[in-house]
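In this note's numbering, the protein residues as written are 2 to 509. Cβ coordinates follow ideal geometry from the N, Cα and C atoms, glycine included.
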């Protein structure tokens, strides 16, 4: 068990003790008689000793020490460091203390004035402005549809559930919706074990019952969802880089984070709603999946979000979610990908034929990426008259998202990141050909393998990962269009798909 100790006196001791949790999880060392009495009355363990005496302090146990003393912070910090040379020491500067001197003794020195200024600016600055804008829009909506991308993955589902909670706190009824199916065994377990309330829309079903629409983990109607392209959107929250400006009343696109769930953690914290066990568990799993257990596209913000969630997470539930049974069809798809693999240089391609579970493509692409000397994998199959492609990369040798877009945007829809991407291409009249005919397989090989290899060779395009990063107001469309024109010569009006064949298909 980790021993936490608060040392000192003054007005900060009591709120810090309240924040540390239930009695027994920490203790306080102070010479303030009044503070000793009031804390003990509340069941807190208090050591009535002189906090500047290292010998008295050394009789206590401490792995983490918080020094809060308005009058003698430097002296208390010096004594505490002497008493606990191996402990993690956080010291809050007093009225007259030099934080430089404190920093030489403590692992972390905090200037209360600077911390307060940072707190205020954080809430009135850009991130705080986003929260206020989102809250204002939500309060003007009675019934909100929170739409994930088709066949949603944990990141999309968790983000939708979290946004629905924020909407409800703003007085807006919300329903998380999706088109398609949830086929991956972990994704099904994720929804069932957490008992998440999701509404599965029928194909071409409209959202007439709602007077507001939010898109999470994707950004454009008609691209990896089954909405009409002209559908008006109120809210977009996504972490995938757009190629063109996104049209909505509220837009938050931050491609510098590993998961949309990370952005929703930020909103829940700023709204003051906090995390219940279900939402915290869902969001942590969403971050875990989209970053491939913090090994892919991870950012400091993802770790900060995880730290904010971890105390509310039900890890027993996570263990149940991560140990589901695997269907025979998924194993057969992975086996087919292994049998049919074709290697061109460092690129592995594999056609698996007809698909019964599209999520299996992502699992196969992940598995095959572990092969020696392979730095990129492309696994593809057909289902319902559509070719689905899932691609993975490692080592930075190729931007797989850009290569996939170059190869398939002209004939279908595609999108993704540097190390994870996907595409969809309609078979059209070829769908009438017998799926088992050699000619159809040859055509699909040409459409997918040849086009992808050509794109790899000619991979000169660069993604607009910072489309919104340098713009003060993301709703200034004219400025955005100028940004796109400067970077690409002219805005690209083609539709990009989401990062995998179902946009964020369960990656691994």
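6 Å CB neighbourhood of residue 398 in its chain, flanking five on each side removed: Taking the chain shown and counting its residues from 1, the one referred to as residue 398 is at position 397. Taken in chain order, the residues that qualify are 376.
Straight-line gap, residue 231 to residue 209 (C-alpha atoms, nearest Å): Locating residue 231 in the chain shown gives position 230, counting from the first residue. Locating residue 209 in the chain shown gives position 208, counting from the first residue. When rounded, the distance between both Cα atoms is 14 Å.
For residue 158 and residue 175, the rounded distance between their alpha carbons: On the chain shown, residue 175 is found 174 positions in, with the first residue counted as 1. On the chain shown, residue 158 is found 157 positions in, with the first residue counted as 1. Rounded to whole angstroms, residue 175 to residue 158 spans 14 Å at the Cα level.
Span of the beta strand (DSSP E), counted from its first residue to its last, around residue 310: Counting from 1 along the chain shown, the entry for residue 310 is found at position 309. For residue 310, no beta strand (DSSP E) run applies; the uninterrupted alpha helix (DSSP H) run containing it begins and ends at 301 to 310, by DSSP.
Cα-Cα separation between residue 329 and residue 354, rounded to whole angstroms: Here residue 329 is taken as the residue at index 328 of the chain shown, counted from 1. Here residue 354 is taken as the residue at index 353 of the chain shown, counted from 1. Going by the C-alpha atoms only, they are around 16 Å apart.
Distance between residue 65 and residue 359 (C-alpha atoms, nearest Å): Reading the chain shown from its first residue, position 358 is the one you call residue 359. Reading the chain shown from its first residue, position 64 is the one you call residue 65. When rounded, the distance between both Cα atoms is 48 Å.
Whole beta strand (DSSP E) elements within the stretch 352 to 429, 3-residue minimum: 377 to 384, 387 to 394, 414 to 417 and 421 to 427, all fully within the stretch 352 to 429.
C-alpha distance - residue 363 paired with residue 227, whole-angstrom precision: Numbered from its first residue, the chain shown carries residue 363 at position 362. Numbered from its first residue, the chain shown carries residue 227 at position 226. Here the C-alpha atom of residue 363 lies approximately 21 Å from the C-alpha atom of residue 227.
Assumed close pair residue 237, residue 264 - CB separation to whole angstroms, cut-off 8 Å: Along the chain shown, read from residue 1 onward, the residue named residue 237 stands at position 236. Along the chain shown, read from residue 1 onward, the residue named residue 264 stands at position 263. Rounded, the Cβ-Cβ distance is 11 Å, inconsistent with contact.
At least three beta-carbon pairs within less than 8 Å, the stretch 342 to 356 to the stretch 315 to 324: Below 8 Å, too few C-beta pairs join the stretch 342 to 356 and the stretch 315 to 324 to call them touching: fewer than three.
Three or more C-beta pairs below 8 Å linking the stretch 71 to 81 and the stretch 50 to 58: A contact exists between the stretch 71 to 81 and the stretch 50 to 58.
Residue environment, residue 150, which counts as buried when at least 16 other CB atoms sit within 10 Å: By 1-based counting over the chain shown, the position of residue 150 is 149. So residue 150 ends up on the buried side.
Residue 227 in three-state terms, based on DSSP: Taking the chain shown and counting its residues from 1, the one referred to as residue 227 is at position 226. Correct three-state label for residue 227: coil.
Beta-carbon spacing of residue 270, residue 309 below 8 Å: By 1-based counting over the chain shown, the position of residue 270 is 269. By 1-based counting over the chain shown, the position of residue 309 is 308. Between residue 270 and residue 309, the CB-CB gap stays under 8 Å.
Cα-Cα separation between residue 221 and residue 152, rounded to whole angstroms: Position 220 of the chain shown, counted from the first residue, corresponds to residue 221. Position 151 of the chain shown, counted from the first residue, corresponds to residue 152. About 16 Å.
Exposure label - residue 200; buried when at least 16 CB within 10 Å: Locating residue 200 in the chain shown gives position 199, counting from the first residue. Residue 200 comes out exposed.
For residue 306 and residue 266, believed in contact at Cβ under 8 Å, the rounded distance: Within the chain shown, the letter at position 265 stands for residue 266. Within the chain shown, the letter at position 305 stands for residue 306. Your pair residue 266 and residue 306 checks out as a contact, with CB atoms roughly 4 Å apart and the cut at 8 Å.
For residue 212 and residue 243, the rounded distance between their alpha carbons: Residue 243 sits at position 242 when you count from the first residue of the chain shown. Residue 212 sits at position 211 when you count from the first residue of the chain shown. Near 26 Å, if we compare the C-alpha coordinates of residue 212 and residue 243.
Per-residue burial, residue 95 [other beta carbons within 10 Å of its own, 16 or more giving buried]: For this step, residue 95 is matched to residue 94 along the chain shown. Residue environment for residue 95: buried (at least 16 other C-beta atoms within 10 angstroms of its C-beta).
Nearest-angstrom Cα separation, counted from residue 70 out to residue 12: As a first step, residue 12 must be located in the chain shown, where it is residue number 11. As a first step, residue 70 must be located in the chain shown, where it is residue number 69. Those two C-alpha atoms are separated by around 9 Å.
Option nearest residue 284 by Cα separation, candidates 156, 259, 219 and 357: The sequence position of residue 284 within the chain shown is 283, counting from 1. Nearest in C-alpha terms to residue 284, of all of 156, 259, 219 and 357, is 156.
Identity of the residue in 203, 287 and 114 nearest residue 260 by Cα: Counting from one through the chain shown, the residue named residue 260 turns up at place 259. For residue 260, the nearest C-alpha among the options comes from 287.
Host beta strand (DSSP E) of residue 343 (start-end): For the purposes of this step, residue 343 is identified with residue 342 of the chain shown, where counting begins at 1. Run containing residue 343: 343 to 345, per the beta strand (DSSP E) assignment.
Sub-8 Å separation of residue 404 and residue 456 beta-carbons: Reading the chain shown from its first residue, position 403 is the one you call residue 404. Reading the chain shown from its first residue, position 455 is the one you call residue 456. In this structure, residue 404 places its C-beta atom within 8 Å of the C-beta atom of residue 456.
Residue 16 versus residue 4 - alpha carbon distance: Taking the first residue of the chain shown as 1, we reach residue 16 at position 15. Taking the first residue of the chain shown as 1, we reach residue 4 at position 3. Each residue's Cα considered, the two are about 19 Å apart.
Candidates 137, 132, 72 and 61, of which the one nearest residue 33 by Cα: Numbered from its first residue, the chain shown carries residue 33 at position 32. Minimum Cα-Cα distance from residue 33 among the listed residues 137, 132, 72 and 61 corresponds to 72.
Cβ pair count under 8 Å reaching 3, the stretch 367 to 374 against the stretch 163 to 181: The stretch 367 to 374, when compared against the stretch 163 to 181, does not touch it at the 8 Å Cβ threshold.
Near the ligand GDP: residue 229 beta-carbon under 7 Å from a heavy atom: No copy of the ligand GDP occurs in the structure displayed, which carries no ligand at all.
Start-end ranges of the alpha helix (DSSP H) lying completely within the stretch 66 to 109, minimum 4 residues: Qualifying alpha helix (DSSP H) stretches, in chain order: 74 to 84 and 100 to 106.
Candidates 440, 225 and 268, of which the one nearest residue 425 by Cα: Position 424 of the chain shown, counted from the start, is the residue given in the question as residue 425. The shortest C-alpha to C-alpha distance from residue 425 to any of 440, 225 and 268 is the one to 225.
Cβ neighbour criterion (16 or more within 10 Å) applied to residue 251: The residue labelled residue 251 in the question sits at position 250 within the chain shown. Result: buried.
Straight-line Cα distance separating residue 356 from residue 382: The residue labelled residue 382 in the question sits at position 381 within the chain shown. The residue labelled residue 356 in the question sits at position 355 within the chain shown. Looking at the two C-alpha atoms, the distance is approximately 6 Å.
Per-residue burial, residue 188 [other beta carbons within 10 Å of its own, 16 or more giving buried]: Here the question's residue 188 lines up with position 187 in the chain shown. Counting other Cβ atoms within 10 Å of its Cβ, residue 188 reaches 16 or more and is therefore classed as buried.
Distance CB(residue 391)-CB(residue 415) smaller than 8 Å: Here residue 391 corresponds to residue number 390 of the chain shown, with the count starting at 1. Here residue 415 corresponds to residue number 414 of the chain shown, with the count starting at 1. No, the Cβ-Cβ distance between residue 391 and residue 415 is not below 8 Å.
Test item: CB-CB of residue 8 and residue 68 under 8 Å: Position 7 of the chain shown holds residue 8. Position 67 of the chain shown holds residue 68. Yes, these two residues count as a Cβ contact at 8 Å.
Selection from 113, 170 and 107 that minimises the alpha carbon distance to residue 138: If you number the chain shown from 1, residue 138 lands on position 137. Sorting 113, 170 and 107 by C-alpha distance to the C-alpha of residue 138 places 170 at the top.
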